[in-house]
Structures are given as C-alpha cells and as structure tokens.
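Asks: For the sequence shown, the UniProt record's numbering assigns the number 1 to the initial residue and increments by one for each residue that follows.
Each residue gets a CB set at the ideal place from its N, CA and C atoms; glycine is no exception.
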Amino acid sequence: MHGVMLVTGGKKMSQKLNNRYAKRPAKVRGDNGLTVGDWFPTMMVALFRGAHGQSQGGITGTTDYGAYSIVVAGTYKDVDDDQGDTIYYSGPGSQTNKDPNNLANRDAVGYLQRSVTTRNPVRVLRSAKSSSSSAHAPSVGLRYDGLYHVVRQEQPFKQNGQGGLYTRYVLQRLPGQESLASIQARSPSPQQVADYHRIWDLWPIRED
Numbered sequence: 001m002h003g004v005m006l007v008t009g010g011k012k013m014s015q016k017l018n019n020r021y022a023k024r025p026a027k028v029r030g031d032n033g034l035t036v037g038d039w040f041p042t043m044m045v046a047l048f049r050g051a052h053g054q055s056q057g058g059i060t061g062t063t064d065y066g067a068y069s070i071v072v073a074g075t076y077k078d079v080d081d082d083q084g085d086t087i088y089y090s091g092p093g094s095q096t097n098k099d100p101n102n103l104a105n106r107d108a109v110g111y112l113q114r115s116v117t118t119r120n121p122v123r124v125l126r127s128a129k130s131s132s133s134s135a136h137a138p139s140v141g142l143r144y145d146g147l148y149h150v151v152r153q154e155q156p157f158k159q160n161g162q163g164g165l166y167t168r169y170v171l172q173r174l175p176g177q178e179s180l181a182s183i184q185a186r187s188p189s190p191q192q193v194a195d196y197h198r199i200w201d202l203w204p205i206r207e208d
C-alpha cells in the first residue's frame with residue numbers, strides 16, 4: 001500500500017501515512033486527478049491519494065466550498081438510501097443520534113447544505129461496508145464512483161430508530177460519466193481482490 005505504513009503502539013497496530021511520500025491534497029474541486037472506478041484497499045489509502053480527506057469520517061468539506069467528497073457506507077443503512085445515480089445521504093451521526101431536537105455533527109451537515117447552494121461537484125466513494133445494503137458497493141475496499149451534485153435537502157426532518165433527529169440530502173450523479181454498471185463490472189478487478197486479501201494476510205488490522 002504505497003504511502004501507508006503499519007505502526008505498532010504497545011499491543012495495538014494501526015495504519016498511518018508514510019511521511020516519505022507526498023500526500024495528494026483532498027480539498028480540491030472535481031475529480032482531483034482520479035479516474036472513475038479507481039479502487040482503494042482502505043480509507044487511509046484513499047486519503048493518501050486525495051480521494052477523500054479523512055481516514056474515518058464520511059464527509060470532507062469546508063464552510064465556503066461545501067462538500068468535496070463523501071463515503072457511502074453501510075454504517076448508515078437504516079437512514080441512507082443508495083439508489084445508484086441518486087443517493088439519499090444523511091451524514092455522520094444520523095443513525096446513533098438520540099437527541100430529538102438537534103442534528104448530530106452539524107459541521108458535516110453544513111457542508112452538504114452549502115453544496116446545495118454552490119452546486120459544486122462532490123466526489124462519491126462507495127465502501128464495501130455498504131455491500132449488504134447497496135447493490136452498487138464494491139466487493140472489497142472502496143471505489144471512486146464519480147461526481148454528484150447535492151440537489152436538495154429532504155423535508156421534513158426524520159427520526160431514527162432511537163428517536164434522534166436527522167436529515168437527508170439528495171445527491172444526483174452528473175451525466176456523461178461511465179455508468180455504474182460498467183464500473184462495477186471491472187472494479188475491483190480479480191487481481192485487486194486478491195491483493196486486498198493478501199494485504200490483510202500480512203497486515204491483520206482492519207478498519208472498523
């Protein structure tokens with residue numbers, strides 16, 4: 001995994017960026033040099049490649065620009081709805097929030113709200129963690145599936161299974177890109193799947 005290394009702290013092992021190599025900045029408009037269908041074995045590798053700006057969080061953005069990228073993951077299968085070219089996306093904390101009056105992680109939700117106004121394109125990555133709830137997720141790792149616009153915020157707000165307040169944003173895939181069906185047919189490739197399993201044979205530290 002170029003640019004990423006395994007470090008040991010006591011009995012715990014984790015991934016971190018290798019400072020010997022330059023990381024591509026993630027807060028860049030558009031595809032940031034990526035090709036639709038690019039595949040990453042872990043979030044840390046996606047961070048190194050500039051596909052996403054965090055090793056764990058689902059949204060990268062700023063208050064001025066809005067969202068640069070999001071990760072669609074099965075963690076939020078009870079509140080999100082991935083229909084492929086259209087995504088109903090709730091943002092971090094929506095599934096676990098217990099507050100009936102306030103949204104969780106307002107900063108991240110604010111990036112999505114800002115994107116409704118700016119209409120700036122958002123990179124969408126899908127994680128294999130969503131494979132149980134999304135027919136569009138890769139079999140392993142993460143995959144860059146192209147650019148989307150955040151077209152609107154759903155109204156009214158909703159409540160999750162714990163009574164917590166959440167809201168969803170509707171993302172629409174931009175036209176003129178390789179179809180999701182075509183991407184899924186080739187990415188990840190059989191070699192990439194084999195490499196993924198080989199990585200975890202050598203580095204037994206998975207992302208929760």
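In its own chain, which residues sit with a C-beta less than 6 Å from the C-beta of residue 38, not counting the 5 before and 5 after it?
Replies: Closer than 6 Å at the Cβ level, and outside the excluded window around residue 38, lie 144.
Asks: For the ligand GDP, any of its heavy atoms closer than 7 Å to the Cβ of residue 68?
Replies: Among the components modelled here there is no ligand, and therefore nothing to report on the ligand GDP.
Asks: Please go through the same chain and pick out, in chain order, the residues whose beta-carbon is closer than 8 Å to the beta-carbon of residue 29, but skip the five residues on each side of it.
Replies: Correct list, in chain order: 65, 68, 120 and 121.
Asks: Would you tell me roughly how many angstroms separate the C-alpha atoms of residue 26 and residue 163, rounded to the nearest one?
Replies: Cα to Cα, residue 26 sits roughly 34 Å from residue 163.
Asks: Under 8 Å, do residue 61 and residue 71 count as touching if we go by C-beta distance?
Replies: The answer is no: Cβ separation not under 8 Å.
Asks: Determine the direct distance from the alpha carbon of residue 51 to that of residue 34, and round the result to whole angstroms.
Replies: When rounded, the distance between both Cα atoms is 7 Å.
Asks: Beta-carbon separation of residue 146 and residue 36 under 8 Å?
Replies: Yes.
Asks: Where does residue 15 sit, in a helix, a strand or coil, going by DSSP?
Replies: In the structure shown, residue 15 sits in a strand (DSSP, three-state: E or B).
Asks: In its own chain, which residues sit with a C-beta less than 6 Å from the C-beta of residue 142, not counting the 5 before and 5 after it?
Replies: Excluding sequence neighbours, residue 142 sits near 40, 46, 125 and 127.
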